Every structure is written in C-alpha cells, then in structure tokens.
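Structure first, commentary second.
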Amino acid sequence: MCPSRVAEGEERGWIVPIGGAEDKEMRRRILKRFVQLCGGRDADIAIIPTASKLPDTGQRYEELFDRLEAGRARSIGFASREDGQRDDYLRQLETATGVFFTGGNQLRISTIIGGTPAAKLIRERNARGVHVGGTSAGASILSDHMIAFGKEGSSPRAGSVRLAPGLGLTNRFIIDQHFRQRDRLGRLVAALAFNPFAIGIGLDEDTAAFISPDNVLEVEGSGAITVVDAGDLQFSSMAEVGQNQPVCLLGLKVHILVAGATFDLHTRHASPGTLVDDKS
8 MCPSRVAEGE ERGWIVPIGG AEDKEMRRRI LKRFVQLCGG RDADIAIIPT
58 ASKLPDTGQR YEELFDRLEA GRARSIGFAS REDGQRDDYL RQLETATGVF
108 FTGGNQLRIS TIIGGTPAAK LIRERNARGV HVGGTSAGAS ILSDHMIAFG
158 KEGSSPRAGS VRLAPGLGLT NRFIIDQHFR QRDRLGRLVA ALAFNPFAIG
208 IGLDEDTAAF ISPDNVLEVE GSGAITVVDA GDLQFSSMAE VGQNQPVCLL
258 GLKVHILVAG ATFDLHTRHA SPGTLVDDKS
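Here it is, written out as structure tokens:
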C-alpha cells in the first residue's frame, strides 16, 4: 500500500509514534501535546484499542483524554474485519480531528483492520490533515513497513526480525518501541538491512516523535530516540548469511536525540533543535 496523496492546497496531519509506557499521571507531556495538536477543547479523538486484549483499554484512554480536557474522545471497538466497514465506525473516523492507537500486539491491528475501508479512511484522513498517533504496538503500525516481532539484542542477525505490512501512513521510516528498555537495536538495524531506503526510529518508553507535515521529527518526552540512517549504506552481508548469523553493515549513521532535538526525514539532517541557545 502507499500513503494517500495530499491534495493541492491541503496539508497532511501530524504522525505521532510513542515508544510505550507514556506518562499518564504526572506531567503527561506527550498526551497533552497530542490533545492540543488535535484541537484541545475542540478535539474529537477516535481511540482504537484493537491491539489490546484488555476490555477496558479504550475506556482508560477515554478517561485520560477527558482529564486532559479534550473536547471529545471516543473508543471504536474494531474486533473483527467486518467492523472495518461498519458505517457508524467510519462516521466516527470521518468527524475525528485525531486518531489514537493504543498498545498491545501490532499484528492484531494489521490482521483486523489492515486492508479494510477503515484503514483506507485513516490514511485518507491523515492526508487531509487529521493527526494520527499511537503508543507501543500502536506506534509500530503507523508506517508502511512494520516490525511484527523479533529477537532482542544489540547485534543484527539475519533471522532477528519479521516484517509485515503496516497501516501505510508513510514509507519513510520503520518504528521500533520500548527500544532501549528491551534492547532492540539489533532487530531495527536488521529491518533496515532489508529496506535501506527507510529510516529506523527506535523509541524509548515515555518518548514520542512528533512528525510534522513537512517530515521534520521533533522529540518529546523523558527518554531518547535512536535514529538509524542506512541511506549511505556501503555494504550489507544480509543476502549471504545464515538465519542466525550476524550481519555485516558498513556506512550506517546513528543519531541519539532527546526532547527538543529534530531530524529531517527528507534531507536526513539531525539537529539539536531547541537544545541550542540561539544567543550563544
């Protein structure tokens, strides 16, 4: 699938992947910023808890967004592929100013919603300015190429990652979440060895990438984002090694970004952003 085309004169909505375990009780910087982005008291946020098997996940996020003074936050209970074409669910997506995917298992989202009218509508709405975010599994699903599952560890191995189609809002990056907490550098790099065009974004917990319509990523939250850029990859042994063997990759660039730092997904340029005092 391809990202929906942005019509002339319109602007794509923001894409906001979160690394999981976002602060829900104290400063709540990430969720608060997402609510403000979606319109604050005028926001209408559609919550999609499909990734989770817990029956109260949607309600919990409704209450969270309500405490953050979102105008309206409603959970949509996609539980089967037939639900992906329900008129009442599609109408909720049509009127939403923001869409939020909760955590859980990203394969539940792709197998239940992927390829349905609901998935197509979310892509179209994002292309028309609606903001789409997700946490943990809900972050992984946002891109075209999705990490379905894999092995933890810092070294890339040929069999350490399995990719599946995601929601397809963008083809510019591949997301991994709970990144440093679960030691997932190896599987993100292995994913890039299959597709060097994309940029790897490893999200720590309580850390989000706010990606603007002009494809500039800004970090928010208490952790860091590891950006792995394989655009100038000089050599890869991925096609030659066995299933569990380490992969040799030459020419990777790695950036560690914290709150306020930016990365331009188009030019592949990293910047300290607001970390630098303009007066210095």
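Those letters in the sequence shown? Residues 8 to 287, per the working numbering, in order. By construction, the Cβ of each residue, glycine as well, lies at the ideal position given by its N, Cα and C atoms. Bear in mind the structure is a predicted one, so any value in this text is a computation, not a measurement.
When secondary structure is reduced to three states using DSSP, Val42 falls in the helix class. Closest by C-alpha distance to Arg135, out of Met245, Val106, Ser243, Asn178, is Val106. In the DSSP assignment, Ala200 falls outside any beta strand (DSSP E) and within the unbroken alpha helix (DSSP H) covering 192-201. Between the alpha carbons of Ala103 and Glu32 lies a gap of roughly 25 Å. Pro124 is positioned such that its CB atom lies no closer than 9 Å to that of Pro253. Per the coordinates, the alpha-carbon of Ser117 lies some 7 Å from the alpha-carbon of Pro172. Residues Ala53, Ile55, Tyr96, Gln99 of the same chain have their beta carbon placed closer than 6 Å to that of Ile83, with the five preceding and five following residues left out of the count. In the three-state scheme derived from DSSP, where H, G and I count as helix and E and B as strand, Phe72 is classed as helix. DSSP places Lys260 in the strand class (E or B) of the three-state scheme. Proximity of the stretch 9-28 to the stretch 136-147 meets the contact definition, three or more beta-carbon pairs being nearer than 8 Å. As a beta-bridge residue in DSSP terms, Pro253 pairs with Arg164. A distance below 8 Å between beta-carbons, with the five flanking residues on each side excluded, links Leu44 to the following residues of its chain, in chain order: Trp21, Val23, Gly105, His138, Phe217. Per DSSP, the unbroken alpha helix (DSSP H) holding Pro124 starts and ends at 124-134.
Annotation: the continuous beta strand (DSSP E) that includes Thr142 extends over 138-142. Listed in chain order, the non-local C-beta contacts of Ala155 below 6 Å within the same chain comprise Leu114, Arg169, Ala171, local neighbours out to five positions each way being set aside. In the three-state reduction of the DSSP assignment, Leu210 falls in the strand class, which pools E and B. Taken atom to atom, the span from the alpha-carbon of Pro62 to that of Glu70 is near 14 Å. Within the same chain, Glu76, Gly78 come within 7 Å of Arg48 by CB-CB distance, once the 5 residues on both sides are set aside. The residues Ala200, Leu256, in chain order, have a CB closer than 6 Å to that of Ser243 in the same chain once the five nearest residues on each side in sequence are set aside.
The C-alpha of Glu225 lies about 23 Å from the C-alpha of Arg194. Residue range 113-119 is occupied by the alpha helix (DSSP H) that includes Thr118. When beta bridges are read from the DSSP output, Arg169 appears opposite Phe156. Collapsing the DSSP output to three states places Ile52 in a strand. Excluding residues up to 5 positions away in sequence, Thr57, Ile119 lie with their Cβ nearer than 8 Å to the Cβ of Ala86 in the same chain.
Within the same chain, Leu257, Gly258 come within 6 Å of Gln241 by CB-CB distance, once the 5 residues on both sides are set aside. Pairing Gly249 with Leu192, the inter-Cα distance amounts to about 19 Å. Here DSSP, grouped into helix, strand and coil, assigns Arg88 to helix.
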